[in-house]
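Asker:
Numbering (this note's numbering), first residue to last: 1 to 401.
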């Protein structure tokens, strides 16, 4: 009963935190590149640099965060990271040029690097093998509820009150999240005294899961590049080619990313339970890749929405299979570090993609980032086939019971 209560309490609080955090983040998502380029005078290359600066800091911090949370606990680091994330949106609103953003996007990356991997590992800490895929699906749904509503609201607010106004709302939402972090119970298990034989077994275990970590990291880097290379470009591309307002850009993200990702979370969890998770990843990566390119050849705003929807919906079916296989294939005592490495390598891919985005756009035209995106997502499909399926073979260690 105690374990069940800890599970229910932490999952509920995390769900609320994810909803509010995604509302804060995705209010800004559709206008962020346009704000940096049009209001603050950045070139496409400089726009990519701003995105990369945040992701570079986040990438470094996420490995450190995972390691420290395994050693010292989850709760304090989570509180500190969430608190630091409050201030950047407010400072974005007062920027007079794109250079003013740099220290604040770096602080945002630092804060996200602290709290993000911890949130995912808390889910694993309190879940059993049978409930983990379902728990990740529900947490993803919580995040995507905000991601579905917020872009549309952010676009409308920007049209009505000016492009800087959504940053103030984001600041208030992030501030409201901070008290909730104190309600989450500590989930890290205390390390047990280890004898020489145990240490030798640990060395053998590291040898066995090292290749798994490398393969998951490569998937993250390649897919992060594929997503990151169009991240700064999409709003600018849409506004430049279709002369739409901020509200439409918000609708595009709300339907094409938020809703598309939301509706596949429960099916993704079912796929993780029923099928070989490596094959689910392979199929979804391959099937989604053409739509990342077709988006750039859209002839109408309806096609923009449809192609973005299909690319994200198909790809994001793999979220639950990816996360549960990674947790099952690695020792529970290292989950903080593993989640940190996973998040960090994805952010490394994002920062490389962000940096390339503006260079590709300025050097080879606005379609170039979309070609690279489609190729990278397709290429990542080869790697899951090198993993081993662990379903039915994994027993949770005594430390998690």
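Glycine included, C-beta positions come from ideal geometry on N, C-alpha and C. Predicted model only: the values in this text are computed from it and were never measured.
Counting Cβ pairs, one atom from each stretch, are 3 or more of them under 8 angstroms apart for the segment 222-236 and the segment 91-101?
Answerer: They do not touch, by the three-pair rule.
Asker: Assuming residue 336 contacts residue 69 under a Cβ cut-off of 8 angstroms, what Cβ separation, rounded to an integer in Å, is found between them?
Answerer: Right, the Cβ-Cβ distance comes to about 4 angstroms (below 8 angstroms), so this counts as a contact.
Asker: Quick check: what's the CA-CA separation for residue 311 versus residue 8?
Answerer: Answer to the nearest angstrom: the Cα atoms are 33 angstroms apart.
Asker: Ordered along the chain, which non-local residues of its own chain (more than five positions away) have a Cβ less than 7 angstroms from that of residue 51?
Answerer: So the list reads 231, 232, 354, once near-sequence residues are dropped.
Asker: Distance check for residue 266 and residue 403, CA to CA, integer angstroms please.
Answerer: Past the boundaries of the shown model lies residue 403; the chain is included only from 1 to 401, so the question cannot be answered.
Asker: Return yes when the Cβ of residue 370 is within less than 8 angstroms of the Cβ of residue 292, no when it is not.
Answerer: Taking 8 angstroms as the Cβ cut-off, residue 292 and residue 370 qualify as a contacting pair.
Asker: For residue 245, is the classification buried or exposed, using 16 other Cβ atoms within 10 angstroms of its Cβ as the cut-off for buried?
Answerer: Burial call: exposed.
Asker: Along the chain, where does the alpha helix (DSSP H) containing residue 91 start, and where does it finish?
Answerer: 87-93 is the span of the alpha helix (DSSP H), which, as asked, contains residue 91.
Asker: Would you mind stating whether residue 252 and residue 326 have Cβ atoms separated by less than 8 angstroms?
Answerer: Not in contact: residue 252 and residue 326 (Cβ atoms no closer than 8 angstroms).
Asker: Alpha carbons only, please: which of 218, 333, 104, 83 is nearest the one belonging to residue 115?
Answerer: Checking every option, the nearest Cα to that of residue 115 belongs to 83.
Asker: Would you kindly work out how many angstroms separate the C-alpha atoms of residue 390 and residue 260, rounded to a whole number?
Answerer: Whole-angstrom Cα-Cα distance: 29 angstroms.
Asker: Can you tell me which of 65, 44, 172 puts its alpha carbon nearest to the alpha carbon of residue 25?
Answerer: Ranking the options by Cα distance to residue 25, first place goes to 172.
Asker: Please return the same chain residues whose Cβ sits closer than 6 angstroms to the Cβ of residue 347, not counting the five positions on each side in sequence.
Answerer: Counting only Cβ-Cβ distances below 6 angstroms, and skipping sequence neighbours, we find 55, 58, 59.
Asker: Hey, would you say residue 66 sits closer than 8 angstroms to residue 359, going by beta carbons?
Answerer: Contact: no.
Asker: Which residues bound the alpha helix (DSSP H) around residue 48?
Answerer: Looking at the DSSP string, the run of the alpha helix (DSSP H) that includes residue 48 is 44-72.
Asker: From residue 86 to residue 270, what distance separates their C-alpha atoms?
Answerer: Residue 86 and residue 270: Cα-Cα distance of roughly 36 angstroms.
Asker: Measuring alpha carbon to alpha carbon, tell me which of 256, 155, 20 ends up nearest residue 303.
Answerer: Comparing Cα positions, the closest option is 256.
Asker: Given a threshold of 16 other Cβ atoms within 10 Å of its Cβ, counted over all protein chains shown, does residue 119 qualify as buried or as exposed?
Answerer: Its Cβ being crowded by 16 or more others within 10 Å, residue 119 is buried.
Asker: Give me the Cα-Cα distance between residue 386 and residue 220, rounded to the nearest whole angstrom.
Answerer: Their Cα atoms are separated by approximately 15 angstroms.
Asker: Taking Cβ to Cβ, would you say residue 146 is nearer than 8 angstroms to residue 61?
Answerer: Not in contact: residue 146 and residue 61 (Cβ atoms no closer than 8 angstroms).
Asker: State the DSSP-derived secondary structure class of residue 329, mapped to helix, strand or coil.
Answerer: Residue 329: coil per DSSP, three-state reduction.
Asker: Would you say the segment 279-290 touches the segment 366-382, given that touching needs at least three Cβ pairs under 8 angstroms?
Answerer: Judged by Cβ distances under 8 angstroms, the segment 279-290 makes contact with the segment 366-382, as three or more pairs qualify.
Asker: In three-state DSSP terms, what is residue 316?
Answerer: The answer is helix: DSSP assigns residue 316 an H, G or I state.
Asker: Span of the alpha helix (DSSP H) holding residue 362?
Answerer: Run containing residue 362: 335-364, per the alpha helix (DSSP H) assignment.
Asker: In the structure shown, what three-state DSSP assignment does residue 266 receive?
Answerer: Reduced to three states, the DSSP call for residue 266 is helix.
Asker: Run through the segment 217-261 for me and flag every whole alpha helix (DSSP H) of 4 or more residues, listed as ranges in chain order.
Answerer: Entirely contained in the segment 217-261, the alpha helix (DSSP H) runs reaching 4 residues are, in chain order, 233-242, 246-253.
Asker: To the nearest angstrom, how far is it from the Cα of residue 174 to the Cα of residue 90?
Answerer: The straight-line gap from Cα to Cα measures roughly 10 angstroms.
Asker: Alpha carbon to alpha carbon, how far is residue 127 from residue 163?
Answerer: Answer to the nearest angstrom: the Cα atoms are 41 angstroms apart.
Asker: Could you pull the start and end residues of the alpha helix (DSSP H) that residue 373 belongs to?
Answerer: Start and end: 368-379.
Asker: When burial is assigned at 16 or more other CB atoms within 10 Å of the CB, is residue 323 buried or exposed?
Answerer: Buried is the call here.
Asker: Where does the unbroken alpha helix (DSSP H) through residue 125 begin, and where does it stop?
Answerer: It spans 102-126 - the alpha helix (DSSP H) in which residue 125 sits, taken as one unbroken run.
Asker: Run through DSSP, which three-state label would residue 323 get?
Answerer: It is helical.
Asker: Leaving out five residues before and five after residue 218 in sequence, what residues of the same chain have Cβ atoms less than 7 angstroms from its Cβ?
Answerer: The residues are 383.
Asker: Is residue 42 near the ligand COA, judged by its Cβ being under 7 angstroms from some heavy atom?
Answerer: As presented, the structure is devoid of all ligands, the ligand COA included, so that no description of it is given.
Asker: Can you tell me the Cα-Cα spacing of residue 305 and residue 123, whole angstroms?
Answerer: About 32 angstroms.
Asker: With a threshold of 7 angstroms on Cβ separation, who are the neighbours of residue 47 within its own chain once the five nearest residues in sequence on each side are excluded?
Answerer: Hits under 7 angstroms: 33, 36, 37, 232, 358.
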